[in-house]
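Undergrad: Quick note on numbering: the sequence shown equals residues 47 to 117 in this note's numbering. Glycine residues also receive a C-beta, built at the ideal position from the N, C-alpha and C atoms. Sharing a structure with you now.
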Amino acid sequence: MSADKFRFPTLTAVVIANMVGTGVFTSLGFQLLDIRSGFALLALWGIGGITALCGAMTYGELGAALPRSGG
């Protein structure tokens, strides 16, 4: 397959799929057993998503503030 078939949205989807993995789908079954309300479950997922976004932005800011190579 040639490299020009991979566009930004496709590559973004691959990266997100690799980061999320299957754990998110496994844990959903356990959450449905304990939380009966669909709205509450979606609200908790939304709060978790916002928290994860804040963490990602924090790491991005730290990376921009400390640009030296290291590890």
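Can you give the Cα-Cα distance for G84 and A98, rounded to whole angstroms?
TA: 21 Å
Undergrad: Quick one: Cα of F76 to Cα of G101, how far?
TA: Distance between the alpha carbons of F76 and G101 is about 25 Å.
Undergrad: Terminal residues of the continuous alpha helix (DSSP H) containing T104?
TA: Per DSSP, T104 belongs to the alpha helix (DSSP H) from G84 to A111.
Undergrad: Taking the CB atoms as reference points, tell me whether L90 and L78 lie closer together than 9 Å.
TA: No.
Undergrad: Starting from T68 and walking both ways along the alpha helix (DSSP H), at which residues does that stretch end?
TA: Here T68 belongs to no alpha helix (DSSP H), and DSSP marks it neither H nor E.
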